Amino acid sequence: MKVWLKKLIYSDDIVGALGIFLVLLVVFFSVMTPHFFSLMNFNSIIGNIPAMAILCLGLTFVVLVGDLDLSLGSILGITAILAVFFFKVMHFPLWLNLISCVVIGGIFGAFNGAIVTKIGINSIITTLGTMALIRGLTYWIAMDVDAMQVGRITDPAFLNFGRYYFPEKSRLIPITLVYLVILYGASALFLNHTSFGRQIYAVGSNEATARLAGINVKRVRFVCFIIAGMLSAFGGLVLVAQLGLGEAYTGQNMILEVVTAVVLGGVLLTGGKGRLTGVIIAVLILAVIRNGMVHLEQVTDISFYWRDVAKGVILLLAIGLYSVRKSFNAKRLRTRQ
Amino acid sequence: MKSTLLKMSHICKSYPGVKAVNDVSIDLFAGEILGIMGENGAGKSTLIKLLAGAEKKDSGEIYIDEKKVDINSPKTSQENGVSVIYQELITMDTLSVAENIFVGQLPVNKVTKLIDWKAAQKKSTEVLALLNSNIKPKSIVATLSVYEKQIVEIAKAIHKNAKVVVMDEPTAALSEKDSKSLFKVIENLKNQGVGIIYISHRIEEVFKISDRITVMRDGKLIATKQTKDVEKKEIISMMIGRELNQFFPEIKSEKKGVMMKVSDLNINGIIENISFEVKKGEILGIFGLVGSGCLNIARALIGVDDIDQGEIHINGKKTSIKNPKNALKNNIGFIPIDRKNEGLTLNFSVKQNLTLQSIDELGSSFIIQESIENSIAEKWVKKLDIKTPNIEVEVKTLSGGNQQKIVLGKTLEINPEILVIVEPTRGIDVGAKMDIYKMLENLCKEGVAIILVSTDVPEILSISNRVLVVSNGKIRKEFKKGEANQQELLYEASLN
Amino acid sequence: MKIIGNKITTNMSLFAFLGFLIIVFSFTSEHFLGIYNITSLLTNISYSGIAAIVLTLVIISRGLDISIGGVIGLTTVVIATLYSQSDPLPVWLILIIGLSTGALVGLLNGWCITVLNMDPIITTLGAMAITRGLAYVISDSQSILMFEDTTDFISNGTILFIPIPIILFLITALIFSIILHKSKFGRAVYAIGANETSASLSGISVKKVKMILYVLSGLAASISGIILVGQTSVGMPQHGIGTELEVITAVLLGGTALSGGKGTIYGTIAGVLILGVLFNGLTISGVRYVHLQIFQGILLLAAVATYEIKTRNEVAT
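Protein chains in written order, with the working numbering: chain X, 1 to 337; chain R, 1001 to 1496; chain C, 2001 to 2317.
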């Protein structure tokens, strides 16, 4: 077989294809609409993705070991509420608030991880349960504490946590972008260049082999749930600072879009494969579609609600292509028996 | 004098009803290749599992470097320098070659504690070079061929400084060219002082590369010989000490004529120009070693493996068999090789399993008529003497023999004219075996054409009217009943 | 007897739990056992119950359908939009188009899953985004009023004092319990879920069966959508958001295993009833609606953990 064809079929690198697709989308919206291509609009796109991108990062850890965590949106929600609670009722300083929320997120992650690895329940069911459970707790806190009824935060120090720009005057680089760069950068370093990071991939790729190689499989899976929980909590904090308020339904229905982005980004649902570059590009693709469709609606009759349809179609196409490739591969690898 | 690397002494292991390994002792020197030969079920695999820590021995001792070791898990086995390369490779397909080689032990930079990928790649290249391989350390394993994956597994073993490397049928899925390359690799390892246990059915191979040969039969050690002092024929006769079953007389069916004609069956790269005929009331044996392509032929006949070329005629009519449903419609019944995963639905009841291939017959409407279902099930339980408390128990609670009878009954319920059976008596007790043979005899009398694919030499010789010998995907030879003895059959099959 | 024995004990313990809940709530609220409350409880669960019944078969075959909520939303929008045209089609035709919406989505799901070998979770996740998106596009994110006699009758009418949604739910449950437990098709569904290879080697048309299941699942979601239009007199794209999770929870609560091959319609009915009684009972006992999810989550986890530990003990013995 031709080398390039082989590469196209078997290569696991869809990052390039995703990148090209993102560029095409940007070009498309820039040509079709007058206001899409501007620094202000780009800043608004970037401004809209942090919570989403951080949740995707968290989910990526879990999916890489071959599990799924549907409760991340709820963890984000409860930390959003808790951040407000700590701030308004407990009067925590910002740093303590941050630490407390992230620790609590980690505890929820550990709860998921313990059920999945200790009792051995399928992660989808487990997190389906904890998703509802945590969301219920969130409403409880949000409604039963009087001070929470008005969730607005006006303290500039807190708000700057999500709204600050570098440099402050020219509003060039939002602080949220800095968070993303640091979190994705650190995670990429962790996943690709530390022993534990590679153990995550090994467990997802072939659990039996990983166990044979002396890797503590359960511990690796457990830790991934914790990391996901902590990241979700951080995402919740950023969102609260950006919006200036935390509500009980913050992050509701977000998880399906998160799963979409992670899968679209090329992370294999069965684990062991996926790159953060792919994930962040997928997040950007969804964000550009969301933003671009609004612009498109202004100049054409096309409803911007087509964005959800487009999202679904892109997901199906990406996975369909992958499945076809896989069956192709299976045929190639058949052996005489 | 070379030092003794590994010594397994008086090893025993029993499973319910079988002594799988019975007082076996072997030793292995540094820089030596020990071939272990034996038929299916001789106990080779169990012995290896005990060494690998995948199973626990009942009694006996294992010494490595003349020190007694306690191997009770895969981990302790590896820590003692044993590395097993199984037939089903356990590579991590989504990851790179380097990562597979170093799994769990990637080199890290001393200062930063980060993984030193350059070192990993450099070391991988070195290890691979020892194996004369130019696989790139960065390649993703999923894109490699079976041979290359095998090399990766060997590289993993070497990197771990394995003193003892065990290979289980390593050439089964390899082409001739790749097998030759593999032998060079093994020679290389040997020269570096590694002790190698080489398990294979292929006598040519074992003679070519081994220093000594150990033969096992029925869980017992028969003999260990220096390869240069022994003849192939001698080894084969040690392997097949079992007597032929005499009870199975040649059957004269009243019905005459060709039932099924297969011409020029091809699956690209797998089987080549397979042609044969089966007459009514005849048992045609197809014999081949692991990796010969026998299974592919059987699977093509029942529509599981897609064929690229060739024709199948049934009763003189050209028939295409695209899937198992098709096969059943054309009255081809079958017993697949893997009873637990292919033949049965383990958490279904006896009754549900017995009627699964004939659901459509369970009443005229879309509802299953329980009375019909029960009577079908009762019929087969009686006819095949299936020992079960009742027809409602889950089949997973039954013994292997009774399970296999259910697989047979299930397919006989469709009234097959042709029966394709693969390893029909593997791992079942003697009583059940006899019951199954008797049933086959009856079927022949009724004019059913039977194609028997088996690696059990006495079985295939004693119950087939003719035997086709397959190796490397081609039919090599045809023996009529009584024409060949066990040695000749094995010998022909092991030729490439 | 063992397989039947297990079924009975699992279902019996579920119904025992249901009885326990009913007793508790009859003490905490005097209205709980009133005719009015029971009717409204049953009417409320009927809508998602129908989808749950069909989803049971899908999960037994080792599949999953997350697009249920999206299909419900899309169906309500399609029906209401067609009806709100200045010269609307006859109502029966509108309803048929509404039903075909779900069937069509099911066909797409089935095709991706059987022909392209795609993962059911991702496939139906995509379908969920598409259906929800189309619902927003068609309705332009507006609620479309629909005061119409037929849909009103379907949702709010009664036959012999029994609300029609309850009747529809009972009929669906009856039909599918016959299909699943008594018919050849049902046997094939179990066989596929328990061991797909063996099922295919037994001559079962695995792809065809799966395809039918996803179409049925879409169809059931559309029926739920029609009931919802009648109940609320409005078609809107937000209809059915989160319903898929509620439905999946009910099915799993009823003892159906995500790993396939195991589950009963009675179990699902019990699961639907338990969720319904729990929500209703807590609500009229003064617990706020939004807190119910806590109990939903705990219940699901407890139930599944019990099954898991039970199976493990069975394997061990």
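Glycine included, each C-beta is placed from N, C-alpha and C at the ideal position. Source: prediction; values computed, not measured.
Where residue i sits in the DSSP three-state scheme
i	result
Pro156/X	helix
Phe1102/R	coil
Ala1449/R	strand
His35/X	coil
Leu1289/R	coil
Ile1314/R	strand
Leu1490/R	helix
Thr1171/R	coil
Met2001/C	Caution is warranted here: a pLDDT of 36 is assigned to Met2001/C, below 50, making its placement in the model unreliable, and the coordinate value is therefore given only provisionally. In the structure shown, Met2001/C sits in coil (DSSP, three-state: anything other than H, G, I, E or B).
Met1001/R	Per-residue confidence for Met1001/R stands at a pLDDT of 46, beneath the threshold of 50, marking its modelled position as unreliable; no derived number is given.
Cutoff 8 Å: residue i Cβ touching any chain R Cβ
i	result
Lys311/X	no
Asn2195/C	yes
Met2001/C	Unreliable positioning characterises Met2001/C in this predicted model, as indicated by a pLDDT of 36, which lies under 50. The coordinate reading is nonetheless provided below. It does; some Cβ of chain R falls within 8 Å.
Ala142/X	no
Phe2176/C	no
Arg219/X	no
Gln242/X	no
Gly272/X	yes
Gly16/X	no
Ile182/X	no
Ser2224/C	no
CB contact check: residue i to chain X, cutoff 8 Å
i	result
Asp1065/R	no
Ile1941/C	Residue 1941/C lies beyond the stretch modelled for chain C, which goes from 2001 to 2317, so this question has no answer here.
Ser2141/C	yes
Asn2117/C	yes
Met2236/C	no
Ile2080/C	Here the sequence assigns Ala to residue 2080/C, which means Ile is not the residue at that position. No, Ala2080/C does not count as interfacial toward chain X.
Gly1293/R	yes
Ala2052/C	no
Gly1104/R	yes
Chain C within 8 Å of residue i, Cβ atoms only
i	result
Gln1357/R	yes
Thr1345/R	yes
Leu245/X	no
Glu1088/R	no
Ser327/X	yes
Gln1336/R	Before going on, a small fix: residue 1336/R reads as Pro here, not Gln. By this cut-off, Pro1336/R is an interface position.
Gln1352/R	yes
Lys1019/R	no
Asn253/X	yes
Cβ separation of residue i and residue j, assumed to be a contact under 8 Å, to the nearest whole Å
i	j	result
Asn1465/R	Lys1396/R	Going by Cβ atoms, the distance from Asn1465/R to Lys1396/R rounds to 36 Å, so no, they are not a contact pair.
Tyr1063/R	Lys1007/R	4 Å
Gln1352/R	Ser2202/C	Wrong, their Cβ atoms sit about 10 Å apart, outside the cutoff.
Glu1423/R	Ser1454/R	6 Å
Ala2129/C	Lys331/X	So it is not a contact: roughly 31 Å between Cβ atoms.
**OP:** For the segment 1136 to 1150 of chain R and the segment 1081 to 1098 of chain R, state whether three or more C-beta atom pairs, one from each stretch, are separated by less than 8 Å.
**Re:** Verdict: yes, contact present.
Original post:
In chain order, which alpha helix (DSSP H) runs of at least 4 residues are fully inside the segment 228 to 289 of chain X?
Top reply: Uninterrupted alpha helix (DSSP H) stretches at least 4 residues long and entirely within the segment 228 to 289 of chain X occur at 254 to 264, given in chain order.
**OP:** Take every Cβ of the segment 196 to 213 of chain X, pair it with every Cβ of the segment 82 to 91 of chain X, and state whether three or more of those distances are shorter than 8 Å.
**Re:** No, the segment 196 to 213 of chain X is not in contact with the segment 82 to 91 of chain X.
Original post:
Using 8 Å as the Cβ pair cut-off and three pairs as the minimum, do the segment 17 to 24 of chain X and the segment 282 to 290 of chain X touch?
Top reply: Output reads yes: the segment 282 to 290 of chain X touches the segment 17 to 24 of chain X.
**OP:** Evaluate contact between the segment 324 to 336 of chain X and the segment 260 to 276 of chain X, counting only Cβ atoms and requiring at least three cross-stretch pairs below 8 Å.
**Re:** No, because fewer than three Cβ pairs between the segment 324 to 336 of chain X and the segment 260 to 276 of chain X fall closer than 8 Å, the two stretches do not touch.
Subject >> Contact between the segment 2188 to 2200 of chain C and the segment 2147 to 2156 of chain C (3+ Cβ pairs under 8 Å) >> reply: In short, these stretches do not touch, since the Cβ pair count stays below three.
**OP:** Could you pull out every unbroken alpha helix (DSSP H) segment of at least 4 residues lying fully inside the segment 156 to 181 of chain X, listed in chain order?
**Re:** Correct list: 156 to 163.
Original post:
Contact between the segment 49 to 59 of chain X and the segment 178 to 186 of chain X: three or more CB pairs below 8 Å?
Top reply: Enough Cβ pairs lie closer than 8 Å, so yes.
Original post:
When the Cβ atoms of the segment 2229 to 2236 of chain C are set against those of the segment 2053 to 2065 of chain C, are three or more pairs found closer than 8 Å?
Top reply: Contact fails: fewer than three Cβ-Cβ distances are below 8 Å.
**OP:** Could you tell me whether the segment 287 to 306 of chain X touches the segment 2123 to 2141 of chain C, using the rule of 3 or more Cβ pairs below 8 Å?
**Re:** Cβ pair count under 8 Å is three or more, so yes.
Subject >> beta strand (DSSP E) segments (min. 3 residues) lying fully within the segment 2239 to 2303 of chain C >> reply: Within the segment 2239 to 2303 of chain C, no complete beta strand (DSSP E) run reaches 3 residues.
Subject >> Length-filtered (4 minimum) alpha helix (DSSP H) runs lying within the segment 1024 to 1110 of chain R >> reply: The segment 1024 to 1110 of chain R contains these whole alpha helix (DSSP H) runs: 1044 to 1052, 1074 to 1079 and 1097 to 1101.
Subject >> Validate contact between the segment 2084 to 2097 of chain C and the segment 2031 to 2047 of chain C using beta carbons, cut 8 Å, 3 pairs >> reply: The segment 2084 to 2097 of chain C, when compared against the segment 2031 to 2047 of chain C, does not touch it at the 8 Å Cβ threshold.
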